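Engineer: Shown below is the structure under consideration.
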């Protein structure tokens, strides 16, 4: 563990877990939840366009002065109840700047006021518009947004639609039921997530859809005939065991899948750019993007 990681983990442990319990997360979501604005560093590098898909706000970043080499669709995390925050922009900026990509960021409606079934059709329409561009497409997301990215890919495969060229997942939620027996072992070490609070959020996002459905729990998909999947996960994270399980299952059926594990890293650690572990993970992700867009 790097010194920087040790300091951040200790700092996180000094504050209450935001997802420790149903009560804690319910209190959080009662607050006003604006999305973080595009940082100045990205405004210098990108032209920003705001649009909507059936009422869902969408931010599109197009690199200035250069033709984009590909499309990046980034679905942000936040347990489906929290908006896009500044660390998400750090991730997006790190992915999109090295190889010039047109970046599309949907600001989907959040639980508990809304459910996934309200959002999926809008995301499908947005995804279809990107695959029609003729450019390589990378689907990416963190936490619950990682599950959303997988849901898009699973639906595209099932409906015989164009698949993305790669899928990049940062601390994804692979099983919304949170029933993995390793979770209680990890939970005391996890400085961010608690099973009770996370499950509260998952159930409200799921609505009438079973939590085991592959769009919510991609580990329950066959995981066959999918594009390259690259997962980055800290092991101080209750979601990690099911991400490992998902990647192992995908590899067993012939899908090109890998998981990069960081033993002492916390949930979505890549959102903290000062960490050596974050820099290493994002450098690997950029290399995948470079390879995909070079073909």
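Numbering (our numbering), first residue to last: 793 to 1087.
All C-beta atoms, glycine included, are put in the ideal place defined by N, C-alpha and C.
The structure presented is a predicted model; accordingly, all values stated were derived computationally and were not measured.
List the DSSP bridge partners of residue 951.
Structural biologist: Bridge partners of residue 951: none, in fact.
Engineer: How would you write the range of the beta strand (DSSP E) that residue 866 sits in, first residue to last?
Structural biologist: It spans 862-867 - the beta strand (DSSP E) in which residue 866 sits, taken as one unbroken run.
Engineer: How is residue 848 classed by DSSP in three states: helix, strand or coil?
Structural biologist: In the structure shown, residue 848 sits in a strand (DSSP, three-state: E or B).
Engineer: Within 10 Å of its beta-carbon, does residue 843 have 16 or more other beta-carbons around it, so buried, or fewer, so exposed?
Structural biologist: Residue 843 comes out exposed.
Engineer: Answer yes if the segment 1001-1018 comes into contact with the segment 947-959, meaning at least three C-beta pairs across the two stretches below 8 Å, and no otherwise.
Structural biologist: Result yes; three or more Cβ-Cβ pairs closer than 8 Å.
Engineer: Considering only the alpha carbon of each residue, which of 1065, 989, 827 lies closest to residue 901?
Structural biologist: The shortest Cα separation from residue 901 among 1065, 989, 827 belongs to 827.
Engineer: Cutting at 6 Å between CB atoms, please list the residues of its own chain near residue 928, excluding the five before and the five after it.
Structural biologist: The answer, listed in chain order, is 862, 957, 1084, 1085.
Engineer: If you draw a straight line from the alpha carbon of residue 1082 to that of residue 932, how long is it in whole angstroms?
Structural biologist: When rounded, the distance between both Cα atoms is 15 Å.
Engineer: Assuming residue 1055 and residue 809 are in contact, meaning their beta carbons sit under 8 Å apart, how far apart are those beta carbons, in whole angstroms?
Structural biologist: Not really, about 20 Å apart at Cβ, beyond 8 Å.
Engineer: Can you say whether residue 803 is buried or exposed, counting buried as having 16 or more other CB atoms within 10 angstroms of its CB?
Structural biologist: Exposed: under 16 other Cβ atoms inside 10 Å.
Engineer: Under 6 Å Cβ to Cβ from residue 908, same chain only, skipping five residues before and after it: list those, please.
Structural biologist: Same-chain partners within the cutoff: 997.
Engineer: Identify, in the order they occur along the chain, each residue of the same chain with its Cβ nearer than 7 Å to the Cβ of residue 925, setting aside the five sequence neighbours on each side.
Structural biologist: If we look at residue 925 and ignore the five residues flanking it on each side, its Cβ neighbours are 863.
Engineer: Starting from the Cα of residue 1011, find the closest Cα among 992, 1049, 1000, 993 and give me that residue.
Structural biologist: Among 992, 1049, 1000, 993, the Cα nearest to that of residue 1011 is on 1049.
Engineer: Grab me the residues of residue 1004's own chain with a C-beta within less than 7 Å of its C-beta, minus the 5 sequence neighbours each way, in chain order.
Structural biologist: These residues qualify, in order along the chain: 969, 1012.
Engineer: Comparing alpha-carbon positions, which option in 1030, 885, 846 lies nearest residue 1065?
Structural biologist: Closest option to residue 1065, Cα to Cα, is 885.
Engineer: Take the Cβ of residue 1033 as the centre, count every other Cβ of all protein chains shown within 10 Å, and call the residue buried at 16 or more, exposed below.
Structural biologist: Buried, because 16 or more other Cβ atoms sit within 10 Å of the Cβ of residue 1033.
Engineer: Beta-carbon within less than 6 Å of residue 943's beta-carbon, same chain only, minus the 5 sequence neighbours each way: which residues are those?
Structural biologist: Around residue 943: 1007.
Engineer: Quick check on the burial criterion: 16 or more other C-beta atoms within 10 angstroms. Buried or exposed for residue 806?
Structural biologist: Label assigned to residue 806: exposed.
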